[in-house]
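*Asks:*
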Amino acid sequence: MTNSEEKKSFKAGEIIMRQGEEGHAAYVIEKGRVEILIQRPDGVEQSVGTRGVGTMIGEMAIVDRAPRTATVRAIEDCSLLEITAEDFSRRLEETDPILRMTAQVILTRYRDTLTRAHISGENRSWPPVEAVELNYAGQSHAVESIKIANEFKDALDRKQLLLHYQPIMNLQTGVVAGFEALMRWNHPERGPISPGVFIPIAEKSGLIVQASQWALREACAALKRTEARTGYDRHLFMSVNFSSSDFASDDFVNSVYNTISESDVRPDQVHLEITERLLMDQPDNARETLMMCRKAGMSIAIDDFGTGYSSLSYLHYFPIDTLKIDQSFVRDMRKNANSMALIRSIIALGKNMGMKIIAEGVEEAVEGDTLRELGCDMAQGYYFARPMAEADLVKFVRDSL
Ligand code: C2E
Ligand code: CA
Ligand code: CA
114 MTNSEEKKSF
124 KAGEIIMRQG
134 EEGHAAYVIE
144 KGRVEILIQR
154 PDGVEQSVGT
164 RGVGTMIGEM
174 AIVDRAPRTA
184 TVRAIEDCSL
194 LEITAEDFSR
204 RLEETDPILR
214 MTAQVILTRY
224 RDTLTRAHIS
234 GENRSWPPVE
244 AVELNYAGQS
254 HAVESIKIAN
264 EFKDALDRKQ
274 LLLHYQPIMN
284 LQTGVVAGFE
294 ALMRWNHPER
304 GPISPGVFIP
314 IAEKSGLIVQ
324 ASQWALREAC
334 AALKRTEART
344 GYDRHLFMSV
354 NFSSSDFASD
364 DFVNSVYNTI
374 SESDVRPDQV
384 HLEITERLLM
394 DQPDNARETL
404 MMCRKAGMSI
414 AIDDFGTGYS
424 SLSYLHYFPI
434 DTLKIDQSFV
444 RDMRKNANSM
454 ALIRSIIALG
464 KNMGMKIIAE
474 GVEEAVEGDT
484 LRELGCDMAQ
494 GYYFARPMAE
504 ADLVKFVRDS
514 L
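The opening position of the sequence shown corresponds to residue 114 in the working numbering, with each subsequent residue numbered one higher.
1) If you follow the beta strand (DSSP E) that K469 is in, where does it begin and where does it stop?
2) Which runs of the beta strand (DSSP E) at least 3 residues long sit entirely within the region 121-155? Give them in chain order.
3) For the region 209-227 against the region 125-145, do three or more pairs of beta-carbon atoms, one drawn from each stretch, fall closer than 8 Å, so that the two count as touching?
4) Using CA atoms only, rank isn't needed, just tell me which of A315, F292, G291 is closest to P298.
5) Based on the DSSP secondary-structure assignment, which residues constitute the bridge partners of Y278?
6) When the Cα of M404 is compared with those of L425, Y430, R390, M393, which residue comes out closest?
7) Run through DSSP, which three-state label would N449 get?
8) Under a three-way DSSP split, which group does D482 fall into?
9) Is the beta carbon of L391 within less than 6 Å of some heavy atom of ligand 1?
10) In the DSSP assignment, what are the bridge partners of G162?
11) With DSSP collapsed to three states, give me the class of E302.
12) Evaluate Q132 with the Cβ neighbour count: other Cβ atoms within 10 Å of its Cβ, from every protein chain shown; 16 or more gives buried, anything less gives exposed.
13) Can you determine whether any heavy atom of ligand 2 sits closer than 6 Å to the C-beta of E375, and answer yes or no?
14) Take I460 and list the residues in its own chain whose beta-carbon comes closer than 7 Å to its own, dropping the five residues that flank it on each side.
15) Threshold first: 4 residues or longer. Then list the alpha helix (DSSP H) segments lying entirely within the region 388-418, N to C.
16) Look up T435 in the DSSP assignment and say whether it is helix, strand or coil.
17) Mind checking whether R181 and M130 have CB atoms under 7 Å apart?
18) Please classify A399: is it buried, with 16 or more other beta-carbons within 10 angstroms of its beta-carbon, or exposed?
19) Which first and last residues belong to the beta strand (DSSP E) in which V353 is found?
20) So, with DSSP's three-state summary, where would you put V185?
21) Secondary structure at V218, three-state DSSP: helix, strand or coil?
22) Strictly closer than 6 Å from CB to any heavy atom of ligand 2: give me those residues in the order they appear in the chain.
23) Hey, out of S376, N371, D346, D439, whose CA is closest to T388's CA?
24) Specify the secondary structure class of A198 as computed by DSSP and reduced to three states.
25) Cα-Cα, which of E135, I261, L269, A183 is closest to V157?
26) Consider the C-beta atom of L295 and the heavy atoms of ligand 1; say whether any pair is separated by less than 6 Å.
27) For ligand 1, is there any heavy atom lying closer than 6 Å to the beta carbon of A268?
28) What residue from I373, N367, M411 has the CA that sits closest to L385's CA?
29) For G171, which option in D190, E148, P154, R153 has the closest C-alpha, if you only look at C-alpha atoms?
30) In whole angstroms, what separates the C-alpha of M296 from that of R271?
31) If you draw a straight line from the alpha carbon of E195 to that of G136, how long is it in whole angstroms?
32) Below 8 Å on the Cβ atoms is my guess for S356 versus L391; work out the distance and round it to an integer in Å.
33) What is the DSSP secondary structure of M173, reduced to helix, strand or coil?
34) Which of the three DSSP states is assigned to V289 in this structure?
Have a look at this one:
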């Protein structure tokens, strides 16, 4: 066998792995062909098949360190790509907990089935399947995520979700310019659950699509009611957050447009907030969708701007109206020269491209003042107001005038 980094080569006839030995890696066959041999309880070795280019061998090693369940021999000169158990665990750790648990359970059951089929029971030196699976469930947060996803569905149906609205201030005039709608979940037993917890789960389960449409409808209705109660006719805007799953749905533009039309809010009062990541993940689809939204009169804001890993050149590619400077830069602005430089650059860049700039996370007067001097158009943050219930908006708008 020869070995170079993660690629391994075997000559025809060489043993690649031996039944009963401890395994540390699985392999994808890049070149050649192998034979799978299993030793029966009576000691006779039996060929159970061959595998060729593009197939995987030794995959059980990435579930656990239990002995190899078969011997694999090269029947042609082979070149193999290695996937180590460590690499696989790391990838699994990074993935969605439900996907992780399912992959682990399937692999464990597969090993158990294979083992039962080919080896007598007393040869087994690893724990029973049930113990292993319980261990996976305990380690990962899978069970918790499944619970929350199911409960989130109930919450949608039973109207346990609500929106809070955070005012966004015009820094130059000091008057409120609009609001950002932020989802809240009052769980009947667990109490309030943070969007930081339930939004990612709603995204992964696909339930976010329904939730976003609800949020848009509710936010438009709240804006209309607030305008009517305050008699403020200078058209405040309402910013609503959307995620990748929303954009992935074919019906997105239509349903957004219909919801806005039914609410009687002008489309240009609606700002769609999306992240840089969404643009980078599906650039062509996002561009087309945003173009249609823009054509229908809506505004597009990029949330958490500056935290993405994108090159700035992509900004030209998308129809963007507003950049929202991420709160981490505002927080560090006064003690970190880099954050200050970044804020300056974002403002200059946005201005050059005819965009509006909103700074997020303004907690102190001096931050607001500095941002205004730098030419930032708008800001939101605890200094001006925390996200509030609809009932409190009227007073806030009146007081800010
Ligand atoms: P985001 O869109 O960046 O929203 C701003 C978050 O910053 C909100 O947290 C807000 O309460 C918080 N915030 C505002 N001002 C300040 C400040 O001065 N200091 C600090 N430390 N925080 C401030 P929240 O409501 O917990 O939401 C967290 C995230 O959850 C949001 O971040 C957004 O990514 C997501 N989210 C919330 N509602 C929705 C929704 O309806 N749809 C989607 N897709 N995501 C949502
Ligand atoms: Ca946002
Ligand atoms: Ca943000």
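Every residue gets a Cβ at the ideal spot worked out from N, C-alpha and C, and that includes glycine. Predicted, not measured: the structure shown is a model, and the values here were computed from it.
*Replies:* Let me lay it out:
1) Translated into the one-based positions of the sequence shown, residue 469 becomes position 356. 469-472 is the extent of the beta strand (DSSP E) around K469.
2) Complete beta strand (DSSP E) runs here, min 3: 128-130, 138-144, 147-152.
3) Counting C-beta pairs closer than 8 Å gives fewer than three between the region 209-227 and the region 125-145, which falls short of the contact rule.
4) Here residue 298 refers to the residue found at position 185 when the sequence shown is read from its first residue. Per the sequence presented here, residue 298 reads as Trp, with Pro not at that position. Closest by alpha carbon: A315.
5) The residue given as residue 278 occupies position 165 in the sequence shown. BP columns for Y278 point to A294, M501.
6) Position 291 of the sequence shown, counted from the first residue, corresponds to residue 404. Nearest option by C-alpha distance: Y430.
7) Walking along the sequence shown from the start, residue 449 turns up at place 336. Coil at N449, not helix or strand.
8) For the purposes of this step, residue 482 is taken as the residue at position 369 of the sequence shown. Reduced to three states, the DSSP call for D482 is helix.
9) The residue you call residue 391 lines up with position 278 of the sequence shown. For L391, the CB stays at least 6 Å from every heavy atom of ligand 1.
10) As a working mapping, residue 162 is identified with position 49 in the sequence shown. G162 pairs with I149.
11) Along the sequence shown, one-based indexing puts residue 302 at 189. E302: coil per DSSP, three-state reduction.
12) As a first step, residue 132 is located in the sequence shown; it is residue number 19 there, counting from the start. Flag for Q132 reads buried.
13) Within the sequence shown, the letter at position 262 stands for residue 375. Incorrect: E375 has no Cβ contact closer than 6 Å to ligand 2.
14) For the purposes of this step, residue 460 is taken as the residue at position 347 of the sequence shown. Residues I470, L487, G488, C489 of the same chain have their beta carbon placed closer than 7 Å to that of I460, with the five preceding and five following residues left out of the count.
15) Here the runs fully enclosed are 389-394, 396-408.
16) Counted from its first residue, the sequence shown places residue 435 at position 322. DSSP places T435 in strand when its eight states are reduced to three.
17) Residue numbering aside, residue 181 sits at position 68 when the sequence shown is read from its first letter. Residue numbering aside, residue 130 sits at position 17 when the sequence shown is read from its first letter. Yes, these two residues count as a Cβ contact at 7 Å.
18) Here residue 399 refers to the residue found at position 286 of the sequence shown. Counting C-beta atoms within 10 angstroms of its own C-beta, A399 has 16 or more neighbours from the protein chains shown and is therefore classed as buried.
19) Position 240 of the sequence shown, counting from 1, holds the residue named residue 353. Here the beta strand (DSSP E) through V353 covers 350-354.
20) Numbered from its first residue, the sequence shown carries residue 185 at position 72. V185 sits in a strand when the DSSP states are folded into three classes.
21) On the sequence shown, position 105 is the one that residue 218 refers to. V218: helix per DSSP, three-state reduction.
22) After applying the 6 Å Cβ criterion, the set is E293, N354, E386, D416.
23) Against the sequence shown, residue 388 aligns to sequence position 275. When S376, N371, D346, D439 are compared, the shortest CA-CA separation from T388 is found for D439.
24) Within the sequence shown, the letter at position 85 stands for residue 198. Here A198 sits in helix by DSSP.
25) Counting from 1 along the sequence shown, the entry for residue 157 is found at position 44. Out of E135, I261, L269, A183, A183 has the C-alpha closest to the C-alpha of V157.
26) Indexing the sequence shown from 1 puts residue 295 at position 182. In this structure, the C-beta of L295 approaches ligand 1 to less than 6 Å from one of its heavy atoms.
27) As a working note, residue 268 is residue 155 in the sequence shown. Taking the Cβ of A268 as the reference point, every heavy atom of ligand 1 lies at 6 Å or farther away.
28) One-based indexing of the sequence shown puts residue 385 at position 272. The candidate whose alpha carbon is nearest that of L385 is M411.
29) Position 58 of the sequence shown, counted from the start, is the residue given in the question as residue 171. Cα-wise, what sits closest to G171 is E148.
30) Position 183 of the sequence shown holds residue 296. Position 158 of the sequence shown holds residue 271. M296 and R271: Cα-Cα distance of roughly 15 Å.
31) Working through the sequence shown from its first residue, we reach residue 195 at position 82. Working through the sequence shown from its first residue, we reach residue 136 at position 23. Going by the C-alpha atoms only, they are around 12 Å apart.
32) Reading the sequence shown from its first residue, position 243 is the one you call residue 356. Reading the sequence shown from its first residue, position 278 is the one you call residue 391. That belief holds up - the Cβ atoms of S356 and L391 are roughly 7 Å apart, short of 8 Å.
33) By 1-based counting over the sequence shown, the position of residue 173 is 60. Assigned with DSSP and collapsed to three states, M173 falls in helix.
34) Taking the first residue of the sequence shown as 1, we reach residue 289 at position 176. Residue state for V289 is assigned as strand, using DSSP reduced to three classes.
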